[in-house]
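Enquirer: Numbering (our numbering), first residue to last: 27 to 294.
One structure is given below, represented as structure tokens, and several questions about it will come after.
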């Protein structure tokens, strides 16, 4: 069985504290809200209370973390391949077509509240200044793994697009289908605020451990937000949208898993 990294003792202690604060409320929402809704008949009030608690957690984490960097490691700390999770081989015709041509026809669209909408090829992104960082990926399922990521700082893409003053969040729209229903396929989506979008460790990763990003880890492009939990780092990215809110997107809570009860901030 693979041994997954846990990092320095003092750092994991702090991260466990923050993760507990962040995910504790989420766990209640995910496992208990339906029961409260049906048995007590106070679902809307309870959800409002829990969402307020999520907001408090977000503000507390911001106060503690500020603009600090997530811990970075050495190559000697990389002891296994990056563990894949969630969708690892998108069963979508559009994605399969792009993959068959080695993503030559893929474009990253940047739209919404920007002055200059963009349509970037992978080569254009790779020709921009890059950042390589060796960090630990922490999954909500309880495992962690250290890996080396290379990509374009998201802040550079935002600067090129010229973000409008009213924009508050970055929405990520993906190519992989996370859910299929009678009403149609639901593609994965998520969001972060502009503060985390401009953090120096927030990158659009196209490389993993010195090689091109594999399909199972999100090729051709995935997001790395190193101070947040794994579900906040969408894979198979196709579009970035700058918005002033996300009430009309999906279930209105800022992401697929958030719409299903997880904490929006997901900080660690």
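In this text, a Cβ means the ideal position worked out from N, Cα and C, and glycines have one as well.
To the nearest angstrom, report how far apart residue 207 and residue 197 are at their CA atoms.
Expert: One C-alpha to the other measures close to 23 Å.
Enquirer: Taking only the alpha-carbon atoms, compute the straight-line gap between residue 243 and residue 159 and give it to the nearest angstrom.
Expert: Their Cα atoms are separated by approximately 16 Å.
Enquirer: Compare the beta carbon distance of residue 229 and residue 147 with 8 Å and say whether it is the shorter of the two.
Expert: Their beta carbons are not under 8 Å apart, which means residue 229 does not touch residue 147 by this criterion.
Enquirer: Between residue 257 and the rest of its own chain, which residues show a CB-CB distance below 7 Å, the 5 nearest in sequence each way excluded?
Expert: Excluding residues within five positions, the ones whose Cβ falls inside 7 Å are 166, 283, 288, 292.
Enquirer: Along the chain, where does the alpha helix (DSSP H) containing residue 213 start, and where does it finish?
Expert: First-last for residue 213: 210–219, but that is the beta strand (DSSP E), not the alpha helix (DSSP H).
Enquirer: Return the CA-CA distance between residue 114 and residue 141, expressed in angstroms with no decimal places.
Expert: For residue 114 and residue 141, the distance between alpha carbons rounds to 35 Å.
Enquirer: Between residue 266 and residue 241, what straight-line distance do the alpha-carbon atoms span, to the nearest angstrom?
Expert: Looking at the two C-alpha atoms, the distance is approximately 20 Å.
Enquirer: Alpha carbon to alpha carbon, how far is residue 109 from residue 168? Give it in angstroms, no decimals.
Expert: Rounded to the nearest angstrom, the two C-alpha atoms are 12 Å apart.
Enquirer: According to DSSP, residue 150 sits in a beta bridge with which residue or residues?
Expert: Note: residue 150 sits in no beta bridge, so no partner.
Enquirer: Taking DSSP as the reference, what is the three-state secondary structure of residue 258?
Expert: Helix.
Enquirer: Among 260, 255, 204, 156, which has the Cα closest to the Cα of residue 175?
Expert: Ranking the options by Cα distance to residue 175, first place goes to 156.
Enquirer: Give the DSSP-derived three-state secondary structure of residue 291 in the structure shown.
Expert: Coil, per DSSP.
Enquirer: Going by the CB atoms, is the gap between residue 139 and residue 190 shorter than 8 Å?
Expert: In this structure, residue 139 lies closer than 8 Å to residue 190 by Cβ.
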